[in-house]
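In the working numbering, the protein residues as written are 17 to 201.
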């Protein structure tokens with residue numbers, strides 16, 4: 017494959033992370049209108065992610081949070097966001113860089129984005145071949161599709177806590193892989 021000097025794949029991923037940043041900024045400024053709510057899955061195994069140690073132990077690789085009714089202090093910057101959520105009745109601050117986000121969804125409007133897992137963030141170009149094909153994707157769910165809630169997250173949510181888990185996001189629907197638009201040889 018020819019060397020991609022301009023890294024269009026990274027440009028597209030950065031642009032899509034800008035969608036997440038803008039949605040979070042709107043939520044920080046105006047709150048979440050109507051039925052809007054966000055499922056955000058992020059890597060927990062990076063030193064750039066700052067979450068309480070007990071959560072990092074419980075979710076050593078990935079964690080999904082839900083921003084809906086119970087979140088506080090949402091602050092959005094150019095490269096990360098901070099939010100306080102309730103876990104087991106205790107408020108816990110989370111610091112999440114955008115490049116550690118694996119997926120973002122707003123099920124109320126059947127919108128989802130899936131990103132490279134962040135496993136190759138910061139790697140040299142020659143080392144990233146094993147992650148080739150892990151392009152960001154845009155999922156436009158069918159109206160009847162609903163996000164999957166593992167039992168553990170559903171239980172946490174029923175208790176009034178923020179849902180958290182190691183997987184989740186919308187299921188079904190049409191997924192458009194951005195790799196489909198890349199020039200192949």
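All C-beta atoms, glycine included, are put in the ideal place defined by N, C-alpha and C.
Beta-carbon gap between residue i and residue j smaller than 8 Å
i           : j          : result
residue 128 : residue 92 : no
residue 111 : residue 82 : no
residue 114 : residue 35 : no
residue 61  : residue 49 : no
residue 124 : residue 52 : yes
Residue interval of the alpha helix (DSSP H) (run including residue i)
i          : result
residue 20 : Taken as a continuous stretch (DSSP letters only), residue 20 belongs to no alpha helix (DSSP H), as it is neither H nor E.
residue 70 : 69-74
Spatially closest choice to residue i from the options, by CA coordinates
i           : options         : result
residue 131 : 57, 106, 64, 79 : 57
residue 102 : 117, 86, 77     : 86
residue 94  : 40, 52, 19      : 40
residue 108 : 79, 80, 67, 72  : 67
Straight-line gap, residue i to residue j (C-alpha atoms, nearest Å)
i           : j           : result
residue 46  : residue 38  : 12 Å
residue 21  : residue 29  : 16 Å
residue 19  : residue 26  : 14 Å
residue 54  : residue 121 : 6 Å
residue 145 : residue 105 : Residue placement at residue 145 is flagged as unreliable, the pLDDT there being 40, under the threshold of 50; the coordinate-derived value follows with that caveat. Going from the Cα of residue 145 to the Cα of residue 105 covers about 43 Å.
residue 71  : residue 42  : 27 Å
residue 126 : residue 73  : 31 Å
residue 84  : residue 78  : 20 Å
Boundaries of the beta strand (DSSP E) in which residue i is found, first to last residue
i           : result
residue 55  : 54-59
residue 130 : 127-130
residue 107 : 106-113
residue 79  : 78-83
residue 122 : 117-122
residue 98  : 96-103
residue 92  : 87-92
Cβ neighbours of residue i in the same chain (closer than 6 Å, five flanking residues each side left out)
i          : result
residue 99 : 87, 90, 110
Contacts around residue i, its chain only, beta-carbon distance under 7 Å, and the 5 residues preceding and following it disregarded
i           : result
residue 116 : 58, 59, 62, 64, 65, 134
residue 69  : none
Contacting residues, own chain, Cβ-Cβ under 8 Å from residue i (five flanking each side not counted)
i          : result
residue 23 : none
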